[in-house]
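Below: the structure, in structure tokens.
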Amino acid sequence: MTDRWSGLLGAEERQAVCEVIDDWGERELGSGGALVAVDRQQGGDPVTGAPRWYLRLRGDEKEFVTVWLTLHQRTLHHETQFMPAPETNVEATWEYLLTKNADLAGMAFALGAEDAVYLVGRVPVERVDDEELDRIMGGSLAYTDLCFPTAMSLGYQGRYHRRPPTQR
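FYI, the working numbering numbers position 34 of the sequence shown as 1193, with every residue one higher than the one before it.
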């Protein structure tokens, strides 16, 4: 197997970015904030072998918001499974989410596997630092809390009910 990183991101640079993410996750877990779990996936991405992390945040509108970070050759890709494919008001749900894309900084709603909706983005590896990781996690959590109730109310009309405030 050839080294997919050769000529792009050297082993030392790749390791340095991994350490930034690992250290950030460890600090955030210890702070008692929204981050409740960090797991660096053994073997990385199942297809490419790229380093990959699973992060779980405590949310308000969704009990948990899960973010996957995958370190590609030149970018750090992040994705959050936002909601399953809408079952009612499908066009209105897509219109709402696509309209919201204009307001999102550094990420966008996208169609994923099984027509599920994801919140995705990527940043150049050179920009991966504590501040950027804070922005990615904060944005994933804030945009989910902001958009989830409306998207679910449209996409699951009559079946979706917001969580009571005492559970948020």
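Yeah, the Cβ is synthetic: ideal placement off N, Cα and C, and Gly gets one too.
- [ ] Excluding the 5 residues preceding and the 5 following residue 1308 in the sequence, name in chain order all residues of the same chain whose CB lies nearer than 6 Å to its CB.
- [x] Stepping through the sequence shown from its first residue, residue 1308 is reached at position 149. 1220, 1321, listed in sequence order.
Open item on the list: Just to confirm my understanding: we take residue 1315, look at its own chain, exclude 5 residues before and 5 after, and list those with CB closer than 8 Å. What are they?
Closed with: Position 156 of the sequence shown, counted from the first residue, corresponds to residue 1315. Excluding sequence neighbours, residue 1315 sits near 1245, 1246, 1247.
- [ ] Excluding the 5 residues preceding and the 5 following residue 1160 in the sequence, name in chain order all residues of the same chain whose CB lies nearer than 7 Å to its CB.
- [x] What you label residue 1160 is simply residue 1 of the sequence shown in a count that begins at 1. A caution first: residue 1160 carries a pLDDT of 35, below 50, which makes its placement in the model too unreliable to give a value.
- [ ] Inspect the CB distances between the region 1234-1244 and the region 1270-1281 and report whether three or more fall short of 8 Å.
- [x] yes
Open item on the list: Suppose contacts are defined by Cβ-Cβ distances below 8 Å. Is residue 1319 in contact with residue 1266 by that definition?
Closed with: Within the sequence shown, residue 1319 is the residue found at index 160, counting from 1. Within the sequence shown, residue 1266 is the residue found at index 107, counting from 1. No, these two residues do not count as a Cβ contact at 8 Å.
- [ ] Could you give the DSSP three-state label for residue 1164: helix, strand or coil?
- [x] On the sequence shown, residue 1164 is found 5 positions in, with the first residue counted as 1. Note that residue 1164 scores a pLDDT of 42, beneath 50, so its modelled location is shaky and nothing firm can be said.
TODO: Thinking residue 1205 and residue 1230 are a contact (beta carbons under 8 Å), I'd like their distance in whole angstroms, please.
DONE: Locating residue 1205 in the sequence shown gives position 46, where the first residue counts as 1. Locating residue 1230 in the sequence shown gives position 71, where the first residue counts as 1. Actually they are not in contact, since the Cβ atoms of residue 1205 and residue 1230 sit about 14 Å apart, beyond 8 Å.
Task: Burial state of residue 1226, where buried means 16 or more other Cβ atoms lie within 10 Å - done: Walking along the sequence shown from the start, residue 1226 turns up at place 67. That one is buried.
TODO: Using a threshold of 8 Å, state whether the C-beta atoms of residue 1242 and residue 1275 are closer than that.
DONE: As a working note, residue 1242 is residue 83 in the sequence shown. As a working note, residue 1275 is residue 116 in the sequence shown. Going by C-beta atoms, residue 1242 is nearer than 8 Å to residue 1275.
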